[in-house]
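Asks: Dumping the structure here so I can ask a few things about it.
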Amino acid sequence: SSTSASPTATSRQFVGMASSSLSVVLLLVCLAAAASAQLSPTFYDASCPGALATIKSGVAAAVSSDPRMAASLLRLHFHDCFVQGCDASVLLAGNERNAFGNAGSLRGFDVIDKIKATVEQACKRTVSCADILAVAARDSVVAR
């Protein structure tokens, strides 16, 4: 009349705890990898060397002709990132652009479109719209 668990029951408990521990470790590794991702100022140096300068000059031109455009570009980036992450979905005509709360209240689409066209001339299909929007918002904060 022993109350100790059988060897197979103990083995099952050990395997269950080990797999749970492994799951937690894998989750932590994935979260750590995602947390370290960030926009690098040198990311496009090899694939599209003039991308950041092109974006900066496009933003500077837009802000010099309309100083309010700096705030508009920052707001456009905020509306893109706030709901589902920074994916440039706010630039899609018909979906986000005309969604309730965005329709008629966001400006700067033409500036981003113009910058994207200029970047595309230099480097076809290299720089993402999300990166252009993020860099334009960054540059608009310090544009003169």
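Under my numbering, the letters of the sequence shown match residues -19 to 124, in that order.
The C-beta atom is built at its ideal place from N, Cα and C for all residues, glycine as well.
#1: Could you tell me which of Cys28, Asp119, Val91 sits nearest to Val107, measuring between CA atoms?
#2: Is it buried or exposed, Asp119, if we count other Cβ atoms within 10 angstroms and call 16 or more buried?
#3: I'd like to know whether the C-beta atoms of Ile92 and Leu113 end up nearer to each other than 8 Å.
#4: With DSSP run on the structure shown, which of helix, strand or coil describes Lys36?
#5: Under 8 Å between the Cβ atoms of Ala117 and Leu54?
#6: State the Cα-Cα distance for the pair Gly74 and Gly88, rounded to the nearest angstrom.
#7: Shortest alpha-carbon distance to Thr34 belongs to which of Ala123, Val99, Leu56, Gly65?
#8: In whole angstroms, what separates the C-alpha of Val122 from that of Leu8?
Replies: So, to answer that:
#1: For the purposes of this step, residue 107 is taken as residue 127 along the sequence shown, with counting starting at 1. The residue from Cys28, Asp119, Val91 with its alpha-carbon nearest to that of Val107 is Cys28.
#2: One-based indexing of the sequence shown puts residue 119 at position 139. Under this definition Asp119 is a buried residue.
#3: As a position in the sequence shown, residue 92 is number 112, starting the count at 1. As a position in the sequence shown, residue 113 is number 133, starting the count at 1. In contact: Ile92 and Leu113 (Cβ atoms closer than 8 Å).
#4: Position 56 of the sequence shown, counted from the first residue, corresponds to residue 36. Residue state for Lys36 is assigned as helix, using DSSP reduced to three classes.
#5: Locating residue 117 in the sequence shown gives position 137, where the first residue counts as 1. Locating residue 54 in the sequence shown gives position 74, where the first residue counts as 1. Yes. Within cutoff.
#6: Here residue 74 refers to the residue found at position 94 when the sequence shown is read from its first residue. Here residue 88 refers to the residue found at position 108 when the sequence shown is read from its first residue. Each residue's Cα considered, the two are about 16 Å apart.
#7: As a working note, residue 34 is residue 54 in the sequence shown. Of Ala123, Val99, Leu56, Gly65, the residue nearest in Cα terms is Val99.
#8: Here the question's residue 122 lines up with position 142 in the sequence shown. Here the question's residue 8 lines up with position 28 in the sequence shown. Their backbone Cα atoms lie some 36 Å apart in a straight line.
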